[in-house]
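Right, one structure below, let's go through it.
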Amino acid sequence: MATGRSNKLVGQTGECLVAAELSRRGLIATTFTGNVPHYDIIASDEAGQHVSIQVKASRGPSWQFGNITLYCDITFDGNRQIVGAKKSASSAESVDRG
1025 MATGRSNKLV GQTGECLVAA ELSRRGLIAT TFTGNVPHYD IIASDEAGQH VSIQVKASRG
1085 PSWQFGNITL YCDITFDGNR QIVGAKKSAS SAESVDRG
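Be aware that the sequence shown starts at 1025, since it is given in our numbering, and climbs by one per residue.
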């Protein structure tokens, strides 16, 4: 059984990996190690546009948290996944999850 300490380490590792990937793609990214309630990372580009990001990390082989297409549009450009427009809460809630 995972302890609170090991769960915290998994979360921090996930945040650092996401921040590293954002940096690799040319963004400035900073983590807050769980000290901000609604987001874990703020990333910004050269123009100063920024976005807050909440990271979910998990131990083990299961990495999916459900069907993301219920909440936003997803398209692919080759191997690149593009997250599109956010769907309204009512459309996400009305989907039969069977």
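Just so you know, even glycine gets a beta-carbon here, dropped at the ideal spot from N, CA and C.
Sorted by chain position, which residues of the same chain lie with C-beta nearer than 7 angstroms to residue i's C-beta, five sequence neighbours on each side aside?
i, result
"serine 1047", "Ala1053"
Starting from residue i, follow its DSSP beta bridges and name the residues at the other end.
i, result
"threonine 1099", "Ile1106"
"isoleucine 1052", "Ser1068"
Tell me which residues share the same chain as residue i and place their Cβ nearer than 6 angstroms to its Cβ, disregarding the 5 neighbours each side in the sequence.
i, result
"asparagine 1031", "none"
Would the beta-carbon of residue i fall within 8 angstroms of that of residue j?
i, j, result
"isoleucine 1092", "glycine 1108", "no"
Could you tell me the alpha carbon to alpha carbon distance between residue i and residue j, rounded to whole angstroms?
i, j, result
"serine 965", "glycine 1035", "Because the chain spans 1025 through 1122 in this model, residue 965 falls outside it and cannot be assessed."
"arginine 1029", "leucine 1094", "32 angstroms"
"lysine 1080", "alanine 1071", "27 angstroms"
"phenylalanine 1100", "asparagine 1059", "33 angstroms"
Please return the same chain residues whose Cβ sits closer than 8 angstroms to the Cβ of residue i, not counting the five positions on each side in sequence.
i, result
"histidine 1062", "Ser1076, Gln1078"
"isoleucine 1106", "Ile1098, Thr1099, Phe1100"
Out of the options, which one is the CA nearest neighbour of residue i?
i, options, result
"arginine 1104", "Arg1049, Gly1072, Ala1043, Thr1057", "Arg1049"
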